[in-house]
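Participant: Have a look at the structure that comes next, please.
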Ligand SMILES: Cc1cc2nc3c(=O)[nH]c(=O)nc-3n(C[C@H](O)[C@H](O)[C@H](O)COP(=O)(O)OP(=O)(O)OC[C@H]3O[C@@H](n4cnc5c(N)ncnc54)[C@H](O)[C@@H]3O)c2cc1C
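Numbering (our numbering), first residue to last: 10 to 680.
Have a look at this one:
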């Protein structure tokens, strides 16, 4: 969606909106950390994000890649910066094509800073001289596909400090096809508002978005203010100087000062705020919290569908997904990226290679082996594994191999039942309670347009030991309201929904649906055979990756390997959505035997051969053993915020690290 359309909507509803700028980090680890942070910041409810353009080499390519990932995997409306620095027309064409293919519909067209090694900006042969030339070029080539933003300077820019002339140049960019303006950072609301009035007088009528820099440390605040030569109201210095060596206090007072600036802008009719996050979340979050703009449980962000929508090319109409990937949005998007047909995609036809390769980036287990061992401990018995799951359900552990985020509030009503099941060794992977018509605005279950009602069937996905599966299947076969699928790693599928082949079975079972004014029924989440089998591959792959976090001859590796090789992944739908507790009674009296019996470790030869019949707690396992190609876990561990996503400046208390690099505060250019 175009940024100017989003701004018009915010204006119409008189609801302030905001956006976040990120820049491409310098290291691969920094990129992964930043993705995690962007994912979390999605929850702050930005109406769009933008990614800066780093001239030359890897950073330019990275900008395109990040735009694609943000847009399609994280569902963030993304604006790509594009500059004329060192860019011949052919390179501009390539970048625009990549943006187009990523589903991106917004470009911020800039001339760019000079490359690091040059003092003055020079046009590239076969390229453009001014941002206005780039704007015109994009408009001519792509018509109205892209909304095109341009840069504005309320207090002058690097190579021009005549404000009148700068407004004239800004007007030329708008006349060439620019549809919104984002400004250089500033700290003086009055100066900005006066400048906006002058722009309006000069006939610049498009939305003007103020660029705001939250305060992370005193040194960085001073450096940026000096670099941009922006006016800092004396009160700011008075408040910040005495505490300049206390980072936490600077952030706290800084947040109040920036929030005060924002409040003044909002009071004067500015509806949208743009934050230079410097790839950090906390300072921006503090400002938004202080303005009471972030979503809360009482006033959640609007959810068009129960799952996070991808905004990749051709995906905006997607409105059906299997429930299995609910906690793994990114891997679902990656595995279906080659589908050319949404909303219905290719489920239901088991002959189609519906789901992409498991080796696609983003599908394997996250985190380094060391970080994962720290997170999940070193289980020596099945009871240890069960305790880990209980701790996840109680909110004491943040993630499991199959759930990248903490347990959601939707599980609150099921929590006691889930804890109970897990403590008996029935390991729950995914669940949802039944809902018989909640308002679409409901803070936990709601999604979709206003004034509608949403429904869902009870769903439970659980890993079941071989000792219990037969009894459980017998119980489920006796219950007409239940549909189930159970499968082990070797592919032994048991279901009561047809023959399980994908042909002649009962087809997709809608497990969430919504009824909205003036619309057909929407049924965005389903359960069915083909996708369950694709999920099975991913599920066991993740479990095996978890096992491989431990030493090859360790007991922990053995415990997890045994479970992956012998246990069944079972999903259960209770089709009577009006019954509150239809599923849990099925498990009454069931418990995995000998859960706390110590298990033997693997010998070295075991670790490389899959042809031995393993034993579980002294008993022979029921299923055969299936080998999986060893794949290294992705090493993309998360770092805490202060050392996290590769920030362009060191986080040094009170030190002024100003140097030539700092000129590109936003990390625009390759080192
Ligand atoms: C919101 C924002 C985002 C930015 N993102 C990036 C980024 O991602 N990557 C990056 O490298 N840099 C970025 N920059 C920095 C920007 O590229 C520099 O400030 C650059 O020096 C000016 O770019 P511009 O697009 O404003 O250029 P222009 O508008 O083309 O102006 C460049 C200079 O040419 C002058 N000029 C314009 N038209 C004429 C004319 N007709 N005749 C004579 N002189 C003229 C202007 O007055 C100015 O001095 C960003 C700046 C802002 C405010």
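The beta-carbon is built from N, C-alpha and C at its ideal position, and this holds for glycine as well.
Taking the alpha carbon of residue 92 as the point to measure from, which residue in 83, 85, 124 has its own alpha carbon closest?
Facilitator: Position 83 of the chain shown, counted from the first residue, corresponds to residue 92. Comparing Cα-Cα distances from residue 92 to each of 83, 85, 124, the minimum goes to 124.
Participant: Taking all protein chains shown into account, do 16 or more other C-beta atoms lie within 10 angstroms of the C-beta of residue 12, making it buried, or fewer, making it exposed?
Facilitator: The residue given as residue 12 occupies position 3 in the chain shown. Residue 12 should be labelled buried.
Participant: Just to confirm my understanding: we take residue 322, look at its own chain, exclude 5 residues before and 5 after, and list those with CB closer than 7 Å. What are they?
Facilitator: By one-based count along the chain shown, residue 322 stands at place 313. Within the same chain, residue 322 has close Cβ partners 110, 111, 112.
Participant: Between which two residues does the beta strand (DSSP E) carrying residue 172 extend?
Facilitator: On the chain shown, position 163 is the one that residue 172 refers to. First-last for residue 172: 172 to 184, but that is the alpha helix (DSSP H), not the beta strand (DSSP E).
Participant: Counting only runs that start and end within the segment 251 to 288, where is the beta strand (DSSP E) found for 3 or more residues in a row?
Facilitator: As far as the segment 251 to 288 is concerned, its whole beta strand (DSSP E) runs of at least 3 residues are 281 to 285.
Participant: Could you check which residue in 38, 32, 10 has the C-alpha nearest to that of residue 375?
Facilitator: Reading the chain shown from its first residue, position 366 is the one you call residue 375. Answer by Cα proximity: 38.
Participant: Under 7 Å, do residue 381 and residue 271 count as touching if we go by C-beta distance?
Facilitator: If you number the chain shown from 1, residue 381 lands on position 372. If you number the chain shown from 1, residue 271 lands on position 262. Cβ distance not < 7 Å, so residue 381 and residue 271 don't count as in contact.
Participant: Within 10 angstroms of the Cβ of residue 746, are there 16 or more other Cβ atoms? Answer buried if so, exposed if not.
Facilitator: Residue 746 cannot be examined here, being either before or after the span of the chain that is shown, 10 to 680.
Participant: Excluding the 5 residues preceding and the 5 following residue 82 in the sequence, name in chain order all residues of the same chain whose CB lies nearer than 6 Å to its CB.
Facilitator: One-based indexing of the chain shown puts residue 82 at position 73. Hits under 6 Å: 339, 342.
Participant: Indicate the three-state DSSP secondary structure (helix, strand or coil) for residue 596 in the structure shown.
Facilitator: For the purposes of this step, residue 596 is taken as the residue at position 587 of the chain shown. Correct three-state label for residue 596: helix.
Participant: Residue 582: which of 604, 600, 541, 553 sits nearest, CA to CA?
Facilitator: Numbered from 1 along the chain shown, position 573 holds the residue referred to as residue 582. Of the candidates 604, 600, 541, 553, the one whose C-alpha sits nearest the C-alpha of residue 582 is 541.
Participant: Given a threshold of 16 other Cβ atoms within 10 Å of its Cβ, counted over all protein chains shown, does residue 320 qualify as buried or as exposed?
Facilitator: As a working note, residue 320 is residue 311 in the chain shown. With 16 or more Cβ atoms within 10 Å of its Cβ, residue 320 is classed as buried.
Participant: Considering only DSSP beta bridges, list what residue 31 is partnered with.
Facilitator: Walking along the chain shown from the start, residue 31 turns up at place 22. Beta-bridge pairing links residue 31 to 60.
Participant: Thinking just about the alpha-carbon of each residue, which of 55, 604, 15 is nearest to the one in residue 285?
Facilitator: Within the chain shown, residue 285 is the residue found at index 276, counting from 1. Checking every option, the nearest Cα to that of residue 285 belongs to 55.
Participant: Measure from the alpha carbon of residue 139 to the alpha carbon of each residue in 106, 182, 149, then state which is nearest.
Facilitator: By 1-based counting over the chain shown, the position of residue 139 is 130. It is 182.
Participant: Please return the same chain residues whose Cβ sits closer than 8 Å to the Cβ of residue 193, not counting the five positions on each side in sequence.
Facilitator: On the chain shown, residue 193 is found 184 positions in, with the first residue counted as 1. Once the five neighbours on either side are set aside, the close Cβ partners of residue 193 are 160, 161, 162, 163, 164, 166, 220, 237, 239.
Participant: Name the residue from 562, 580, 218 whose alpha carbon lies nearest to the alpha carbon of residue 20.
Facilitator: As a working mapping, residue 20 is identified with position 11 in the chain shown. The candidate whose alpha carbon is nearest that of residue 20 is 218.
Participant: Taking the alpha carbon of residue 36 as the point to measure from, which residue in 184, 127, 95, 71 has its own alpha carbon closest?
Facilitator: Locating residue 36 in the chain shown gives position 27, where the first residue counts as 1. The residue with the shortest Cα to Cα distance from residue 36 is 71.
Participant: Could you tell me which whole beta strand (DSSP E) segments of length 3 or greater appear in the segment 516 to 547?
Facilitator: Fully enclosed beta strand (DSSP E) runs of 3 or longer: 518 to 524, 531 to 536.
Participant: Run through DSSP, which three-state label would residue 619 get?
Facilitator: To locate residue 619, count along the chain shown from 1; it is residue 610. Confidence in residue 619 is poor, its pLDDT being 38 and thus under 50, which makes the residue's placement unreliable; the coordinate value appears in the next sentence. Coil.
Participant: Against chain B, with Cβ distances strictly below 7 Å, would residue 495 count as a contact?
Facilitator: No chain B is part of this structure, which consists of one protein chain only.
Participant: Compare the C-alpha of residue 555 against each of 543, 569, 259 and name the closest.
Facilitator: On the chain shown, residue 555 is found 546 positions in, with the first residue counted as 1. Closest by alpha carbon: 569.
Participant: Quick check on residue 23: buried or exposed, where buried means 16 or more other Cβ atoms within 10 Å of its Cβ?
Facilitator: In the chain shown, counting from the first residue as 1, residue 23 sits at position 14. Exposed is the call here.
Participant: Contact between the segment 433 to 443 and the segment 466 to 480: three or more CB pairs below 8 Å?
Facilitator: In short, these stretches touch, since the Cβ pair count reaches three.
Participant: Quickly, what does DSSP pair residue 88 with across the bridge? List them, please.
Facilitator: The sequence position of residue 88 within the chain shown is 79, counting from 1. Answer is 59, 115, bridged to residue 88.
Participant: Report the start-end ranges of each alpha helix (DSSP H) in the segment 353 to 441 that is 4 residues or longer and not cut off at the edges.
Facilitator: Runs of the alpha helix (DSSP H) inside the segment 353 to 441: 378 to 385, 391 to 402, 424 to 432.
Participant: Residue 30: buried (16+ other C-beta within 10 angstroms of its C-beta) or exposed?
Facilitator: Counted from its first residue, the chain shown places residue 30 at position 21. Buried, by the Cβ-count rule.
Participant: Rounded to a whole number of angstroms, what is the C-alpha to C-alpha distance between residue 106 and residue 48?
Facilitator: Sequence index remark: in the chain shown, residue 106 carries index 97 (1-based). Sequence index remark: in the chain shown, residue 48 carries index 39 (1-based). One C-alpha to the other measures close to 25 Å.
Participant: Got a sec, what are the start and stop residues for the beta strand (DSSP E) residue 304 sits in?
Facilitator: For the purposes of this step, residue 304 is taken as the residue at position 295 of the chain shown. Element bounds for residue 304: n/a, residue is neither H nor E.
Participant: Give me the Cα-Cα distance between residue 85 and residue 15, rounded to the nearest whole angstrom.
Facilitator: The residue labelled residue 85 in the question sits at position 76 within the chain shown. The residue labelled residue 15 in the question sits at position 6 within the chain shown. Rounded to the nearest angstrom, the two C-alpha atoms are 13 Å apart.
Participant: So for residue 75, helix, strand or coil by DSSP?
Facilitator: As a first step, residue 75 must be located in the chain shown, where it is residue number 66. Correct three-state label for residue 75: helix.
Participant: Which residue marks the beginning of the beta strand (DSSP E) containing residue 337, and which one marks its end?
Facilitator: Stepping through the chain shown from its first residue, residue 337 is reached at position 328. Per DSSP, residue 337 belongs to no beta strand (DSSP E) and is neither H nor E.
Participant: Quick one: what does DSSP say residue 25 is sitting in, helix, strand or coil?
Facilitator: The sequence position of residue 25 within the chain shown is 16, counting from 1. Coil.
Participant: If you draw a straight line from the alpha carbon of residue 532 to that of residue 328, how long is it in whole angstroms?
Facilitator: On the chain shown, residue 532 is found 523 positions in, with the first residue counted as 1. On the chain shown, residue 328 is found 319 positions in, with the first residue counted as 1. Their backbone Cα atoms lie some 8 Å apart in a straight line.
Participant: If you draw a straight line from the C-alpha of residue 103 to the C-alpha of residue 155, how long is it?
Facilitator: Within the chain shown, the letter at position 94 stands for residue 103. Within the chain shown, the letter at position 146 stands for residue 155. Looking at the two C-alpha atoms, the distance is approximately 15 Å.
Participant: Comparing C-alpha positions only, which one of 348, 371, 369 sits nearest to residue 363?
Facilitator: Residue 363 sits at position 354 when you count from the first residue of the chain shown. Nearest C-alpha to residue 363: 348.
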